[in-house]
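>
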Amino acid sequence: MDFEWSDDQRNLYQACAAFARAQLNDDVVGRDRRHDFSRHAWEMCAKFGIQGLPVPAEFGGGDADPVTLAICLEALGYGCKDGGLLFSLGAHLWSAVTPLWRFGTVEQKQRWLPGLCDGSLIGVGAMTEPGTGSDAFAMTTSARLDGDHYVLHGGKTFITNAPVADLFLVFATTAATTTVVGGLGCFVVERGTPGLTIGKPFRKMGLHTSPMSEIFLDNCVVDADQMLGSPGAGMAIFNTSMDWERSFILAPAVGTMQRHFEQAVAYAKDRHQFGQPIGSYQAISHRIVNMRLRLDAARLLLYRAAEAKARGRSTRIESSAAKLFISEALVASSHDLLHIHGAYGYMEESGIERELRDAIASTFYSGTSDIQRNIIASRLGL
Ligand SMILES: Cc1cc2nc3c(=O)[nH]c(=O)nc-3n(C[C@H](O)[C@H](O)[C@H](O)COP(=O)(O)OP(=O)(O)OC[C@H]3O[C@@H](n4cnc5c(N)ncnc54)[C@H](O)[C@@H]3O)c2cc1C
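Each residue of the sequence shown is one higher than the one before, starting from -16 at the first, in our numbering.
#1: May I ask you to check if the CB of residue 310 is nearer than 6 Å to at least one heavy atom of ligand 1?
#2: CA-CA distance, residue 117 and residue 139?
#3: Identify every residue that forms a DSSP beta bridge with residue 203.
#4: Under 6 Å from any heavy atom of ligand 1, does the C-beta of residue 316 make it?
#5: What are the residues that DSSP puts in a beta bridge with residue 195?
#6: Can you list, in chain order, the residues of its chain whose CB lies under 7 Å from that of residue 327, leaving out five sequence neighbours each side?
#7: For residue 232 versus residue 84, is the C-beta spacing smaller than 7 Å?
#8: Which first and last residues belong to the alpha helix (DSSP H) in which residue 226 is found?
#9: In angstroms, rounded to a whole number, what distance separates the CA positions of residue 14 and residue 69?
#10: For the beta strand (DSSP E) containing residue 108, list its first residue and its last residue.
#11: Quick one: what does DSSP say residue 83 is sitting in, helix, strand or coil?
#12: In or out: residue 41 buried (at least 16 other Cβ within 10 Å) or exposed?
#13: At what residue ranges does the region 233 to 291 contain a whole run of the alpha helix (DSSP H), taking only runs of 4 or more?
#14: Determine the direct distance from the alpha carbon of residue 265 to that of residue 289, and round the result to whole angstroms.
#15: Three or more C-beta pairs closer than 8 Å, one from the region 302 to 315 and one from the region 222 to 240: is that the case here?
#16: From residue 179 to residue 339, what distance separates their C-alpha atoms?
#17: From which residue to which residue does the beta strand (DSSP E) around residue 125 run?
#18: Grab the span of the beta strand (DSSP E) containing residue 171 for me, first residue to last.
#19: Assign residue 179 to one of three DSSP states: helix, strand, or coil.
#20: Can you give me the C-alpha to C-alpha distance between residue 51 and residue 181, rounded to a whole angstrom?
#21: Between 31, 270, 75 and -8, which has its C-alpha nearest residue 227's C-alpha?
#22: So the alpha helix (DSSP H) residue 2 belongs to, where does it begin and stop?
#23: Are the beta-carbon atoms belonging to residue 335 and residue 250 less than 7 Å from one another?
#24: So who's on the other strand from residue 155, going by DSSP bridges?
#25: For the alpha helix (DSSP H) that residue 89 lies in, which residues bound it at each end?
#26: Inspect the beta-carbon positions of residue 45 and residue 32 and report whether they are closer than 7 Å.
#27: Is residue 143 near ligand 1, going by C-beta to nearest heavy atom under 6 Å?
#28: What number of angstroms, rounded off, separates the C-alpha of residue 100 from the C-alpha of residue 174?
#29: What distance in whole Å lies between the Cβ atoms of residue 244 and residue 278, which are believed to be in contact at a cut-off of 8 Å?
#30: Quick one: residues in its chain with C-beta nearer than 8 Å to the C-beta of residue 343, no 5 flanking neighbours on either side, listed in chain order?
#31: Using only CA atoms, which one of 157, 341, 238 and 87 lies nearest to residue 121?
#32: Taking the alpha helix (DSSP H) that residue 33 falls in, what are its first and last residues?
#33: Comparing the CB of residue -14 with every heavy atom of ligand 1, is any distance shorter than 6 Å?
#34: In terms of alpha-carbon separation, which member of 17, 54 and 318 lies closest to residue -2?
#35: Flag residue 347 as yes when its Cβ comes closer than 6 Å to any non-hydrogen atom of ligand 1, and as no otherwise.
Written out as structure tokens, the structure reads:
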């Protein structure tokens, strides 16, 4: 087992981090205050190749293997302080790009992947409904086959990117019964399709720069060739995409925690109270050691999941463990950073309180921490 990165991997990390630091941090505090998604930053990321990282080059992507992918995303989170942008990129990559890349026909990939990779299209997955969060497969949104098209009816909520998205991967029951096993479909619905309405943007606790709203489907008609896979493939599509999502959605968080750790060490050496640097007090130094331990463990879990993906192994435990641990570590790291900075950390201008608000969402999206524990427990036969 080799824990050292090659020179190429180190250079890639440095290049991604330098790009993110230079191009993505413009007025993050102001944009957070205004709940402002930056289309400019989105386009800069696309130009750099982020939105298409795992996609084969023939469809406009970067052909990155899973470990390279993790390195790029970790570096992005190290350089970029806009947690909302990082999350919108993740939602696009894992709930729109990935299902199309893994399950689309050649025609579907040719039709949508180049735009999703070059940033001209923004995508997202729509699974959650007002009555179904963790119990996602209990959904009521339906898709009825009518000749050569499907008629979608229902609604989805908490849909990231919805206010700005061009493509929605909507999950709906295709079976006459509500038993979704073998009766769940996944449909690519384009913005502007009659019957699709986008709700007003939600105001939320954090991730202000990542827009979110409901979507409503009122007899929304899509061609049958806008369904991914077969009529009953929805559950496999969702589970496979979730496996990728849980492995990588928090890769940027590892970079963010590295930045937190470095910031904490620097502040603890610089800030003096009672005639000494606060880092000389064990209450502070031990807190920083805990930040470092969580960072190291988070990084190991991320690359274990990436390595398992690279080997094509089933990664259910690895991906849930990465998602669970990194999300909770990110919350703890943000809180530690706030604590070490005292009142200054509590001020908006420090950017630290925003990082804590942004972090808390990570224990809900892509399946809550409780659900990740349930998944791991069930894999253990419990
Ligand atoms: C920032 C953000 C972005 C999101 N983006 C999207 C998106 O783009 N697309 C999309 O479809 N959805 C999205 N979601 C929704 C997300 O998937 C759901 O929030 C998540 O699945 C949990 O559902 P819920 O919030 O309704 O909580 P509920 O399922 O109602 O759970 C409430 C509480 O009960 C616990 N609980 C529920 N069931 C169990 C159980 N069996 N065992 C133990 N505890 C349990 C939960 O852990 C939680 O603490 C987003 C959510 C957030 C916060």
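Here a beta-carbon is modelled for each residue, glycine too, at the ideal position from N, C-alpha and C.
Quick look at the numbers:
#1: no
#2: 14 Å
#3: Its beta-bridge partners are 135.
#4: no
#5: 143
#6: 333
#7: no
#8: 217 to 231
#9: 14 Å
#10: 106 to 109
#11: helix
#12: exposed
#13: 234 to 253
#14: 36 Å
#15: yes
#16: 34 Å
#17: 125 to 129
#18: 167 to 173
#19: strand
#20: 35 Å
#21: Answer by Cα proximity: 75.
#22: -10 to 6
#23: no
#24: 168
#25: 89 to 101
#26: Less than 7 Å divides the Cβ of residue 45 from the Cβ of residue 32.
#27: Checking every heavy atom of ligand 1 against the Cβ of residue 143, one is found closer than 6 Å.
#28: 17 Å
#29: That belief holds up - the Cβ atoms of residue 278 and residue 244 are roughly 5 Å apart, short of 8 Å.
#30: 188, 189 and 314
#31: For the residues 157, 341, 238 and 87, the minimum Cα distance to residue 121 belongs to 157.
#32: It is not in any alpha helix (DSSP H) - residue 33 carries neither H nor E in the DSSP assignment.
#33: no
#34: The shortest C-alpha separation from residue -2 is found at 54.
#35: yes
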